[in-house]
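S.K.:
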Amino acid sequence: MEHWFTDIAQALVNWLMGLGLSAGWADFVLLIVQWLCIVMIVTINVIILIWLERKVSGFIQLRLGPNRLGPYGAFQTIADAIKLLTKEDIIPSRTDKWIFMTAPLFFIVVSVMLYAVIPMGDGMQVVDFNVGLLYFISIGSLSTICLLMAGWGSNNKWSMLGAMRAVAQMISYEIPLAISLLGVVMIAGSLRLSDIVVAQGNIWFVLLQPIAFITYFIAATAELNRGPFDMPEAEQELTAGAYTEYTGMRWALFFLAEYTNLVAVSALCATMFFGGWQGPGLPSWLWIIIKTYLIMLVFMWMKWTFPRIRMDHLMSFSWKILLPVSLANLVLTGFGLEFFKWMGWW
Amino acid sequence: MLQTDQYIINIGPQHPSTHGGLHVEALMDGENVVDAIVHLGYVHRSIEKIAESRTYPQFVPYASRLDYLASHLPTLGYCQAVEKMMGIEVPERAEYLRVIMAEFSRISSHLIFIGSMAIDLGATTGLIYCLRDRERIMDMFEMTSGQRMIASYMRIGGIAEDVPETFYAAARSFLDDLPQMIDEYNGLITGNEILQCRIKGVGTLSAEDAIAYGVTGPNLRACGIDYDIRKAEPYGIYDRFEFDVPLGTKGDSWNRYIVRLEEIKESARIIEQALDALPQGDIRTKVPRVLKPESGWEIYHRIESSKGELGYYIVADGGNKPYRLHVRAPSFINLMVLPIISRGGKLQDIIANIATLDPVLGESDR
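So the protein sequences, as listed, match chains A and B.
With my numbering, letter number 128 in the first sequence gets 129, and the count goes up by one each step, no holes.
With my numbering, letter number 95 in the second sequence gets 105, and the count goes up by one each step, no holes.
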């Protein structure tokens with residue numbers, strides 16, 4: 002079970018080379034297959050997640066959640082997807098058409114790109130960059146532009162306000178997010194995600210870097226625009242924020258991208274702090290799925306319990322609390338590391 | 011220097027957090043509110059004009075459509091106004107049942123307030139918990155009047171029907187569970203740090219402004235002014251009950267929330283006393299089928315509704331229909347302070363202010 006997926010990949014490469022393809026071309030075909038797999042993983046995950054979110058929120062709010070279509074309402078998401086696909090695609094006349102139409106596409110592309118570096122099991126990584134973490138953070142910050150495009154292109158004051166909030170929020174939370182992860186990088190001594198996983202063979206980094214974990218978790222919630230930091234959407238204030246003018250599949254793409262981001266960020270959290278795919282007994286790809294879903298459940302729990310924070314509190318919280326704390330953590334980690342080396346414990 | 015501009019943003023009439031058809035025209039400078047103008051009238055059903063073409067008893071169901079979140083209170087006010095004008099005595103038992111129903115209405119209205127405030131601040135779960143408990147009050151109303159929300163239970167000269175036996179147990183068990191419910195709200199809503207940051211010190215209304223604008227009810231008491239019509243000018247049999255009037259200190263959104271939360275407990279105290287003292291007897295006096303107040307008679311009667319001072323001004327012209335009926339709607343008057351408490355705040359504060367002023371648009375637009 003452990004090597005199912007790597008074996009399949011190897012068999013595919015061998016078969017292609019048996020057909021007379023050079024090793025380079027075989028790898029190229031493999032890459033395309035891997036991307037298709039990622040798109041499949043994303044789609045399946047989103048279908049499960051939307052169902053799960055409804056069930057979890059139902060559980061928290063003393064409701065049943067979807068329970069009509071299929072066992073425990075499992076097919077509800079599929080029915081909703083069909084509904085959204087068949088809906089009229091409304092493009093308001095005063096919009097900036099190209100920006101309005103392409104914003105959701107860019108958003109989903111950017112979110113899927115995050116998966117390139119996530120180690121989804123032992124040796125299961127599309128590209129094992131030596132700067133994988135840097136790639137993840139920089140691609141993750143691109144989604145800001147997509148939200149700005151959506152808000153600007155919609156030519157609607159609510160959308161614009163939502164987009165401006167999104168930009169302000171994501172830029173300010175990007176910094177503590179990156180700095181909190183640097184503590185882990187210092188201990189692991191590498192930006193390569195597979196190295197970081199291997200470095201957690203003995204002890205999870207959440208135990209060595211608890212402050213970094215908490216800062217990362219809060220900043221990640223803000224990055225994902227999830228409650229209590231769902232300012233860009235802010236249903237009760239901005240009606241739907243940047244998504245106000247979107248309908249049908251274009252709106253669904255935003256939704257899809259948000260959940261895709263959620264999975265990616267949770268998977269990164271598992272990789273950086275909870276030992277990635279490592280774990281006893283079960284195969285590695287199952288371990289990362291279990292850890293990712295547990296982290297996502299915490300995200301859902303937070304969303305359905307907390308009220309929304311106010312915009313100015315949000316900004317001051319990032320700049321006045323999260324940033325100093327994560328910087329202090331960085332300094333502390335540096336001193337700690339030197340001390341350990343000096344004592345000869347490391 | 012960057013050239014910036016102020017812009018107008020229309021909150022409502024189609025908006026998730028405007029409690030009906032409220033339209034707030036906000037002049038914004040970025041996220042900051044420069045000014046807010048309240049536009050009303052989207053739920054106008056000309057109830058005051060309808061009253062002129064309905065006989066006195068016929069208007070009772072219309073009155074319950076004023077404040078549909080606490081429907082016993084506006085009907086109580088109307089019936090008492092007519093009774094006062096005609097000099098009709100109400101039997102003891104009916105008086106007690108009226109108090110019980112009115113206070114249950116107040117609790118249900120305040121539960122909706124807490125829930126809708128929570129959801130307006132983004133805590134969707136808070137609403138569901140409050141609705142769960144309000145449901146039990148609605149069940150009791152259904153038990154007694156056959157209607158859940160807009161129960162026209164009050165009648166001129168008494169009440170429509172006696173309560174069934176099952177009502178007492180339901181009422182007692184609700185009162186027994188109430189402290190536990192409030193603990194739950196405290197855990198989920200009151201104690202939340204984010205929520206406290208959102209409403210503490212936000213939308214502060216000074217006592218002078220409150221009096222100048224004629225604000226009444228919990229909004230006024232949140233400013234620290236001890237004015238409750240149940241105490242100041244007791245109507246019905248309210249002088250027989252022992253209860254406190256919760257007061258705020260600062261008049262901000264947080265005080266308005268806490269005052270209402272405390273009022274739930276006080277209402278529960280009143281209901282408990284009324285249930286204990288509930289006498290047997292008639293529920294309605296004999297009232298002439300056609301009520302014809304003499305020409306020139308007029309009356310102003312006011313009660314403490316869940317929103318504030320709810321007054322009825324009725325002028326009779328000798329016929330069986332009022333010549334003019336005016337409703338002093340507390341929601342309408344309380345909403346007028348929205349601009350002054352929202353100025354200088356953030357966009358999100360407007361939403362919090364609307365929520366904590368607790369207007370019912372059906373009453374304010376009439």
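In this text, a Cβ means the ideal position worked out from N, Cα and C, and glycines have one as well.
Using a beta-carbon distance cut-off of less than 9 Å, what residues from the segment 221-250 of chain B approach chain A?
M.R.: Cβ contacts with chain A: none found.
S.K.: Alpha carbon to alpha carbon, how far is B/A220 from B/V297? Give it in angstroms, no decimals.
M.R.: 40 Å
S.K.: Just the chain B side, please: which residues come within less than 8 Å of A/T145 by C-beta, in chain order?
M.R.: The premise fails here: A/T145 is roughly 18 Å from chain B at the closest Cβ pair, so nothing lies under 8 Å.
S.K.: Examine chain B for any beta-carbon lying closer than 8 Å to the beta-carbon of A/I322, and answer yes or no.
M.R.: For A/I322, the answer is no, since every Cβ of chain B falls outside 8 Å of its Cβ.
S.K.: Evaluate A/R95 with the Cβ neighbour count: other Cβ atoms within 10 Å of its Cβ, from every protein chain shown; 16 or more gives buried, anything less gives exposed.
M.R.: exposed
S.K.: Is there a Cβ from chain A that is less than 8 Å from the Cβ of B/S118?
M.R.: no
S.K.: Tell me which residues share the same chain as A/A271 and place their Cβ nearer than 7 Å to its Cβ, disregarding the 5 neighbours each side in the sequence.
M.R.: G277, I289, K292, T293 and I296
S.K.: Judging by CA-CA distance, which residue of B/V109, B/M96, B/M95 and B/K94 is the nearest neighbour of B/H82?
M.R.: Of B/V109, B/M96, B/M95 and B/K94, the residue nearest in Cα terms is B/V109.
S.K.: How is B/N20 classed by DSSP in three states: helix, strand or coil?
M.R.: strand
S.K.: In chain order, what are the residue ranges of uninterrupted alpha helix (DSSP H) at least 4 long that sit wholly in the segment 17-98 of chain A?
M.R.: 24-61 and 77-87
S.K.: Between the Cα of B/R165 and the Cα atoms of B/Y72, B/S374 and B/Q16, which residue gives the shortest distance?
M.R.: B/Y72
S.K.: Report the three-state DSSP secondary structure of B/N42 (helix, strand or coil).
M.R.: strand
S.K.: Kindly provide the ranges of any beta strand (DSSP E) runs that are 3 or more residues long and lie completely inside the segment 23-90 of chain B, ordered along the chain.
M.R.: 33-39 and 42-49
S.K.: Just verifying my parser: in three-state terms, what is the DSSP assignment at B/E308?
M.R.: strand
S.K.: Please say whether B/G321 and B/R338 have beta carbons closer to each other than 8 Å?
M.R.: yes
S.K.: Provide the residue span of the alpha helix (DSSP H) that contains B/I350, from first to last.
M.R.: L348 to S352
S.K.: Return the Cβ separation of A/E245 and A/W159 in integer angstroms, given the expectation that the two are a contact with Cβ distance under 8 Å.
M.R.: Note on residue identity: the sequence assigns Thr, not Glu, to residue 245 of chain A. In this structure, A/T245 and A/W159 form a Cβ contact; the two beta carbons are roughly 5 Å apart against a cut-off of 8 Å.
S.K.: Residues of the segment 192-223 of chain B in Cβ contact with chain A at a cutoff of 7 Å, in chain order, please.
M.R.: N202, I204, L205, C207 and R208
S.K.: Here's a check: name, in chain order, each residue in its chain whose Cβ is nearer than 7 Å to the Cβ of A/A10, leaving out the five neighbours to either side.
M.R.: L31
S.K.: Along the beta strand (DSSP E) that carries B/L215, what are the first and last residues, could you check?
M.R.: It is not in any beta strand (DSSP E) - B/L215 carries neither H nor E in the DSSP assignment.
S.K.: Of all Cβ atoms in chain B, is any one closer than 8 Å to the Cβ of A/Q62?
M.R.: yes
S.K.: Determine contact between the segment 148-164 of chain B and the segment 119-138 of chain B, defined as no fewer than three beta-carbon pairs at a distance below 8 Å.
M.R.: Too few Cβ pairs lie closer than 8 Å, so no.
S.K.: What is the C-beta distance between B/D213 and B/D262, in whole angstroms, given that I count them as a contact (C-beta under 8 Å)?
M.R.: According to the sequence provided, residue 213 of chain B is Gly. The question's Asp does not apply to it. Rounded, the Cβ-Cβ distance is 6 Å, consistent with contact.
S.K.: Does the contact criterion of 3 or more C-beta pairs under 8 Å hold for the segment 133-147 of chain B versus the segment 192-206 of chain B?
M.R.: Yes, the segment 133-147 of chain B is in contact with the segment 192-206 of chain B.
S.K.: Sort B/S277, B/E252 and B/P228 by Cα distance to B/V269 and report the nearest one.
M.R.: B/P228
S.K.: Taking Cβ-Cβ distances shorter than 8 Å, what residues in chain B pair up with A/P67?
M.R.: What A/P67 touches in chain B: nothing, since even the nearest Cβ is about 16 Å away.
S.K.: Closer than 7 Å between beta carbons: that is the criterion. Which residues of the segment 302-313 of chain A meet it against chain B?
M.R.: Within the segment 302-313 of chain A, the residues whose Cβ lies closer than 7 Å to some Cβ of chain B are W305, T306, F307, P308, R309, I310, R311, M312 and D313, listed in chain order.
S.K.: Residue range of the alpha helix (DSSP H) that A/P325 falls in?
M.R.: L324 to M344
S.K.: Cutting at 7 Å between CB atoms, please list the residues of its own chain near B/I280, excluding the five before and the five after it.
M.R.: Cβ within range, chain order: V109, E113, F251 and F253.
S.K.: Quick check on the burial criterion: 16 or more other C-beta atoms within 10 angstroms. Buried or exposed for A/N262?
M.R.: buried
S.K.: For B/E171, which of B/E152, B/P189 and B/E35 has the nearest alpha-carbon?
M.R.: B/E152
S.K.: So, for A/P105: in the same chain, excluding its five sequence neighbours on each side, which residues have a beta-carbon less than 6 Å away from its beta-carbon?
M.R.: R251, L254 and F255
S.K.: Measuring straight from C-alpha to C-alpha, what distance separates B/G211 and B/D236?
M.R.: 21 Å
S.K.: Decide if B/D375 is buried, meaning its Cβ has at least 16 other Cβ atoms within 10 Å, or exposed.
M.R.: Looking at its Cβ environment, which holds 16 or more other Cβ atoms inside 10 Å, B/D375 is buried.
S.K.: Of all the CB atoms in chain B, is at least one closer than 8 Å to the CB of A/K158?
M.R.: yes
S.K.: Is the CB-CB distance between B/A104 and B/G22 below 8 Å?
M.R.: no
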